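Residue numbers (UniProt numbering): 1 to 730. Note that CB positions come from ideal geometry on N, CA and C, so glycine has one too. On a predicted model such as this, the values are computed, not experimentally measured, just so you know. Below is one structure, written out as structure tokens; the observations come after it.
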Amino acid sequence: MAATTPTTASTHRAPADNVPAYRTDLDGLRGIAIALVACFHVWFGRVSGGVDVFLVLSGYFFVGSLLRHAIHSQATHVTLRDTINPWPRLKRLLRRLIPALFTVLIAVAILTVIVIPQTRWVSIGRELIASALYYQNWHLAFNSQDYLAASSANSPLQHIWSMSVQGQFFVLTLVVALAFAAVIKLVARFIAPVADPRVIRILVGLAVLAVALVSFYWAHMRMGVNQQFNYYDTFSRLWEPLAGGLLAIWLPSWRVPRWLRTVTAVVALALIVTCGWWIDGVNAYPGPWALVPVGSTLLIIWAGATALERPRAGTPAPQGLPPVNRMLASRWPVWLGTIAYSLYLWHWPLLIFYLTWREKNHANFIEGVGLLALSVGLAWLTKRYIEDPLRGGRSEPAHARRDGRRQWVTYTSVVTSMLVVGTLVTGIGIKVWDHRVATMVVDTKNLDPRTYPGARALLEGWPVPAVDPQPSPLMVTQDFPETSTDGYMSDFEDPRIHVGVYGDPTATRTIALIGGSHAEMWISALDLLGQRNNFKVTTYLKMGCPMSTELVPKQDGVPYPECHDWVMRVMDKVIADDPDAVFTNATRPRDYQPGDWVPPSYPPIFDEFIGAGIEVFGIRDTPWPHNAQGLIDTPTCLADGGSATSCATRRAVALAPENPAEELAATRPMFHALDLSDGVCDAELCPAVVGNIVVYKDWHHLSATYVRSLTDELGRQMAATAPWTGPPGP
1 MAATTPTTAS
11 THRAPADNVP
21 AYRTDLDGLR
31 GIAIALVACF
41 HVWFGRVSGG
51 VDVFLVLSGY
61 FFVGSLLRHA
71 IHSQATHVTL
81 RDTINPWPRL
91 KRLLRRLIPA
101 LFTVLIAVAI
111 LTVIVIPQTR
121 WVSIGRELIA
131 SALYYQNWHL
141 AFNSQDYLAA
151 SSANSPLQHI
161 WSMSVQGQFF
171 VLTLVVALAF
181 AAVIKLVARF
191 IAPVADPRVI
201 RILVGLAVLA
211 VALVSFYWAH
221 MRMGVNQQFN
231 YYDTFSRLWE
241 PLAGGLLAIW
251 LPSWRVPRWL
261 RTVTAVVALA
271 LIVTCGWWID
281 GVNAYPGPWA
291 LVPVGSTLLI
301 IWAGATALER
311 PRAGTPAPQG
321 LPPVNRMLAS
331 RWPVWLGTIA
341 YSLYLWHWPL
351 LIFYLTWREK
361 NHANFIEGVG
371 LLALSVGLAW
381 LTKRYIEDPL
391 RGGRSEPAHA
401 RRDGRRQWVT
411 YTSVVTSMLV
421 VGTLVTGIGI
431 KVWDHRVATM
441 VVDTKNLDPR
451 TYPGARALLE
461 GWPVPAVDPQ
471 PSPLMVTQDF
481 PETSTDGYMS
491 DFEDPRIHVG
501 VYGDPTATRT
511 IALIGGSHAE
521 MWISALDLLG
531 QRNNFKVTTY
541 LKMGCPMSTE
551 LVPKQDGVPY
561 PECHDWVMRV
571 MDKVIADDPD
581 AVFTNATRPR
591 DYQPGDWVPP
601 SYPPIFDEFI
611 GAGIEVFGIR
621 DTPWPHNAQG
631 LIDTPTCLAD
641 GGSATSCATR
651 RAVALAPENP
661 AEELAATRPM
671 FHALDLSDGV
681 CDAELCPAVV
691 GNIVVYKDWH
701 HLSATYVRSL
711 TDELGRQMAA
721 TAPWTGPPGP
């Protein structure tokens, strides 16, 4: 939420011409909204609707201010240059928003190094840059991060998405408004009525209404296409601040009884306070359900504004604010509203760092109270010693000495210098670390198997010496299969089929490796087997796209229609290329219950290949690490002090007692069910480290190093059902 609090905050005053009365009740509404946001984040893990209140208030204040500028700029003494000059307003925006934001970003960078495992530094570093440059919402949208309940796995900067939306709204609206004012000023030289305030208000109102309606339609339509992206999309959110802007342009001046304004304000505030309980904001906003907090905010603004209007001639004066607005204008809501911006910035990272430090996913009541108290304290300190001085408010020391000479060393200059230096150091540190991780090369192809037996320790009982595992938790995140580093993996947006050739390129026998990333990870073993046993491996791979007949597949809950089209084209191409066999996944974990299964959309694909005379190797998918608290990011778990067992998954939860694909093999002689579960799990656990090798490179993909340790067992199982894949005879 943006800081929109004026520098003076007293009682309501009668407005001067064209200047609205200062609304302390809206300060209080902002205070209620930030209380809802913080409490729902800390204790309930839900979206409260408070952010939507902030968006409406930002639009109401900012669009109203720009409208007054557009009207005032038509005065003859205002030059065209002054009309279109964005710097005065942009400077005020920067002074209001940047100091507190950069203070929190520097603190987050420091706490990240202290609290967060190194495996997450790159992602948080990139979010620091995205937050500082106001594109955090796009960063999150394109990385498909869910804005769900707070846990130690969440980003400490995830909440900055709304700040980015508002920053983009401010800049875009400012540029458009100044350009509009300039056009009006030029046209008015030839058509004078265009400069009439009523005409300007109508033109601006119609333009804002049109954009708001298109944005609202877009937000509603995109809910069924990609809600994760839609939640962060600036254009989907644009209608909310524009709704506030419309009220600033066309504030109804109806004369209504006080009791009706009172009832309206009571109902509106009740809806704002409670909507977080009965609306699933993550899946419903910014679609039509967002009209509840948005519309309620508009009603509270209207209810208070009608009481502040100066009466027309011959009509009695308004009887005062409705009780709800008077309550909002009282001391504590207003005070909370004055620190709302800083409180919004501080509360979320403090919560995430605390949960990470305590290795918890939720804060209890006492912990939440402590976190909120600390957040309020830091918010007040930030406003008092960072925001106010750098805005040039009353807390700023004088810049000139009594002798008239400028005083260069002032409180403001020192704080500004500290922020600039801290930001530069943080940015340089992020880039250096990002470059270091990006240039890491994992070279484990020649590990001594006697020291690093990997899967052989489970499959053949090899002894395991006491050495540090390889790759390290930080390095293993870069332990990609060969097809990824060679560029033969189509990403989500790439419709092309990239065919790679591995194994023995000159061989006459061919295995086609097809599917998504869980098929791709086996290339590290198949490449070695092809070289040993004289067969070629061709690859047909796409991210998140297993071979399935599902018409509307989903990736992390988002419809992924490109996958179905790609699968159909790959199936035709592979059949046309006529390999001896295909190798792909035959099972996947169940979503909401223990074990794994063969999805019904898989066998029709297998049957197509079998019908074309092509054998099918169906590999059982490996466990996706998780425990009672949720999914496990193995490298991060290990980097945070976890062990092979504390970061492990229970086998009975991840895998069915028998390979579900065996039923297919019993009825299809050309289908060969492969199962390497015993090379990843023992009878009870699927450890994070086996035979001194880290098993997983991320949330659920095997490291290439570990896959290579499974090569012998994979070759044994393949040769048992298809002898031509084994070593040549004497």
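Identified DSSP bridge partners for Glu615: For the purposes of this step, residue 615 is identified with residue 615 of the sequence shown, where counting begins at 1. Partner(s): Ala581.
Meets three-Cβ-pair contact criterion under 8 Å: the region 61-76 and the region 370-390: The region 370-390 and the region 61-76 do not touch, with fewer than three beta-carbon pairs separated by less than 8 Å.
Unbroken beta strand (DSSP E) run spanning Tyr540, endpoints: If you number the sequence shown from 1, residue 540 lands on position 540. Counting along the chain, the unbroken beta strand (DSSP E) around Tyr540 starts and ends at Lys536 to Lys542.
Pick from Val441, Leu157, His700 and Gln166 that is closest to Phe235, judged by C-alpha positions: Counted from its first residue, the sequence shown places residue 235 at position 235. It is Gln166.
Touching by the beta-carbon criterion (3+ pairs, under 8 Å), the region 275-287 and the region 35-52: Contact holds: three or more Cβ-Cβ distances are below 8 Å.
Host alpha helix (DSSP H) of Leu242 (start-end): Taking the sequence shown and counting its residues from 1, one reaches residue 242 at position 242. Boundaries of the alpha helix (DSSP H) harbouring Leu242: Trp239 to Ile249, taken from the DSSP string.
Those residues which DSSP pairs with Tyr696 across a bridge: Start at 1 with the first residue of the sequence shown, and residue 696 comes out as number 696. DSSP, once it has assigned bridges, lists Leu702 as partnering Tyr696.
Beta-carbon proximity list for Pro449, same chain, < 7 Å, skipping 5 on both sides: Position 449 of the sequence shown, counted from the start, is the residue given in the question as residue 449. Excluding residues within five positions, the ones whose Cβ falls inside 7 Å are Arg456.
Between the CA atoms of Val409 and Lys91 - distance to the nearest angstrom: For the purposes of this step, residue 91 is identified with residue 91 of the sequence shown, where counting begins at 1. For the purposes of this step, residue 409 is identified with residue 409 of the sequence shown, where counting begins at 1. Distance between the alpha carbons of Lys91 and Val409 is about 22 Å.
Proximity below 8 Å, CB of residue 742 to CB of Val598: With the chain represented from 1 up to 730, any question about residue 742 goes unanswered, as that position is not in the structure.
Stretch-stretch touch, CB-based, cutoff 8 Å, three pairs: the region 131-146 with the region 156-171: The region 131-146 vs the region 156-171: in contact.
For Thr426, the nearest candidate out of Gly691, Phe480 and Ile124 (CA to CA): On the sequence shown, position 426 is the one that residue 426 refers to. Cα-wise, what sits closest to Thr426 is Ile124.
Meets three-Cβ-pair contact criterion under 8 Å: the region 534-553 and the region 488-502: The region 534-553 makes contact with the region 488-502, as at least three CB pairs between them are under 8 Å.
Cβ contact (3+ pairs, closer than 8 Å) linking the region 525-538 and the region 599-614: The region 525-538, when compared against the region 599-614, does not touch it at the 8 Å Cβ threshold.
Buried or exposed (CB count within 10 angstroms, at least 16 for buried), Leu148: Your numbering for residue 148 matches position 148 in the sequence shown. Confidence at Leu148 is low in this model, with a pLDDT of 38, below 50, so its placement is unreliable and the value that follows should be read with caution. Burial is judged here by how many other beta carbons sit within 10 angstroms of a residue's own beta carbon; Leu148 has fewer than 16 and is exposed.
Burial state of Ser155, where buried means 16 or more other Cβ atoms lie within 10 Å: As a first step, residue 155 must be located in the sequence shown, where it is residue number 155. A residue is called buried once 16 or more other Cβ atoms fall within 10 Å of its Cβ, and Ser155 is buried on that count.
8 Å Cβ cutoff met for Tyr354 and Leu371: Start at 1 with the first residue of the sequence shown, and residue 354 comes out as number 354. Start at 1 with the first residue of the sequence shown, and residue 371 comes out as number 371. For Tyr354 and Leu371, yes; Cβs fall inside 8 Å.
Other residues of its chain near Ala248: CB distance less than 6 Å, five sequence neighbours each side excluded: Residue mapping note: residue 248 aligns to position 248 of the sequence shown, counting from 1. These residues qualify, in order along the chain: Tyr60, Val63 and Gly64.
Limits of the beta strand (DSSP E) - the one that Val501 falls within: For the purposes of this step, residue 501 is identified with residue 501 of the sequence shown, where counting begins at 1. Note, Val501: beta strand (DSSP E), Val499 to Gly503.
Range covered by the alpha helix (DSSP H) that runs through Gly224: Residue mapping note: residue 224 aligns to position 224 of the sequence shown, counting from 1. Per DSSP, the unbroken alpha helix (DSSP H) holding Gly224 starts and ends at Pro197 to Tyr232.
Residues sharing a beta bridge with Cys686, DSSP: Position 686 of the sequence shown, counted from the first residue, corresponds to residue 686. According to the DSSP secondary-structure assignment, Cys686 is paired through a beta bridge with Thr649.
Per DSSP, the bridge partner or partners of Met489: Residue numbering aside, residue 489 sits at position 489 when the sequence shown is read from its first letter. According to DSSP, Met489 bridges with Leu541.
Separation of Arg95 from Ala188, as counted between CA atoms: If you number the sequence shown from 1, residue 188 lands on position 188. If you number the sequence shown from 1, residue 95 lands on position 95. Between Ala188 and Arg95, the alpha-carbon positions lie close to 34 Å from each other.
Thr79 versus Leu172 - alpha carbon distance: Here the question's residue 79 lines up with position 79 in the sequence shown. Here the question's residue 172 lines up with position 172 in the sequence shown. In a straight line, the C-alpha of Thr79 is about 22 Å away from that of Leu172.
Span of the beta strand (DSSP E) around Phe671: The count along the sequence shown starts at 1 and reaches residue 671 at position 671. It spans Phe671 to Leu674 - the beta strand (DSSP E) in which Phe671 sits, taken as one unbroken run.
Whole-number beta carbon distance between Gly516 and Pro546, since they are thought to touch under 8 Å: Translated into the one-based positions of the sequence shown, residue 546 becomes position 546. Translated into the one-based positions of the sequence shown, residue 516 becomes position 516. The C-beta separation of Pro546 from Gly516 comes to about 5 Å, placing the pair in contact by the 8 Å criterion.
Own chain residues within Cβ distance below 8 Å of Thr315, not counting five before or after: Position 315 of the sequence shown, counted from the first residue, corresponds to residue 315. At Thr315 the pLDDT is 40, less than 50, meaning the model places this residue with poor confidence and gives no usable figure here.
Those residues which DSSP pairs with residue 806 across a bridge: No answer is possible for residue 806: it lies beyond the span of the chain, which begins at 1 and ends at 730.
Check whether Val690 and Gly461 have beta carbons under 8 Å apart: Position 690 of the sequence shown, counted from the start, is the residue given in the question as residue 690. Position 461 of the sequence shown, counted from the start, is the residue given in the question as residue 461. Remark: C-beta atoms of Val690 and Gly461 do not approach each other more closely than 8 Å.
Close beta carbons around Thr83, own chain, < 6 Å, minus the five adjacent residues each side: Taking the sequence shown and counting its residues from 1, one reaches residue 83 at position 83. Around Thr83: Ser73, Ala181, Ala182 and Lys185.
Pairwise C-alpha distance: Ala305 and Ile632: As a working mapping, residue 632 is identified with position 632 in the sequence shown. As a working mapping, residue 305 is identified with position 305 in the sequence shown. When rounded, the distance between both Cα atoms is 52 Å.
7 Å Cβ shell around Gln717 - same chain, five flanking residues per side excluded: Within the sequence shown, residue 717 is the residue found at index 717, counting from 1. Contacts found: Leu674.
Distance between Ile511 and Ala661 (C-alpha atoms, nearest Å): Along the sequence shown, read from residue 1 onward, the residue named residue 661 stands at position 661. Along the sequence shown, read from residue 1 onward, the residue named residue 511 stands at position 511. Their backbone Cα atoms lie some 20 Å apart in a straight line.
6 Å Cβ shell around Ala704 - same chain, five flanking residues per side excluded: The count along the sequence shown starts at 1 and reaches residue 704 at position 704. The beta carbon of Ala704 sits closer than 6 Å to the beta carbons of Asp479, Pro481 and Ser524 from its chain, once the five residues preceding and following it are set aside; these are given in chain order.
C-alpha distance - Pro349 paired with Ala100, whole-angstrom precision: By 1-based counting over the sequence shown, the position of residue 349 is 349. By 1-based counting over the sequence shown, the position of residue 100 is 100. Rounded to whole angstroms, Pro349 to Ala100 spans 14 Å at the Cα level.
The region 435-449 in contact with the region 603-610 per 3-pair CB rule at 8 Å: No, because fewer than three Cβ pairs between the region 435-449 and the region 603-610 fall closer than 8 Å, the two stretches do not touch.
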